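Structure first, commentary second.
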């Protein structure tokens, strides 16, 4: 791969991350299903429960946004919910079922990656 192609790919990736809009103090978290969560990504929007969010939390949510882009919205959410339900049946614990979802495993593994922090996000 040529240097120019690599730079074009990096530029495209940066534009995609810049397209994520972060919404703080989102009213979505008044919904009973979402009350226990700190943030959620829906499409190109990241909704945060509180007025501020740690860099680590934002990096975690950006990993989910990347996963959605990589797998497609329908496949991502279908797989996410399917894995959660299978894990819930298997472990009989919400926390354990949630932590064992493959998308969450990846997001938790990458949330401390400082290279994720260098990306620009619209606020």
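Residue numbers (my numbering): 1 to 123.
For each residue, glycine too, the CB sits at the ideal point set by N, CA and C.
Bear in mind that the values here come from a model prediction, so they are computed numbers and not experimental data.
Is the CB-CB distance between residue 45 and residue 74 below 9 angstroms? At least 9 angstroms separates the beta-carbon of residue 45 from that of residue 74.
For residue 144, is the classification buried or exposed, using 16 other Cβ atoms within 10 angstroms of its Cβ as the cut-off for buried? Past the edges of the chain, shown from 1 to 123, lies residue 144, and the structure says nothing about it.
Residue range of the alpha helix (DSSP H) that includes residue 22: Counting along the chain, residue 22 falls outside any alpha helix (DSSP H), though it belongs to the beta strand (DSSP E) covering 21-23.
Using only CA atoms, which one of 94, 19, 86, 97 lies nearest to residue 65? Closest in alpha carbon position to residue 65, among 94, 19, 86, 97, is 19.
Using DSSP with H/G/I as helix, E/B as strand and the rest coil, what is residue 109? Helix at residue 109.
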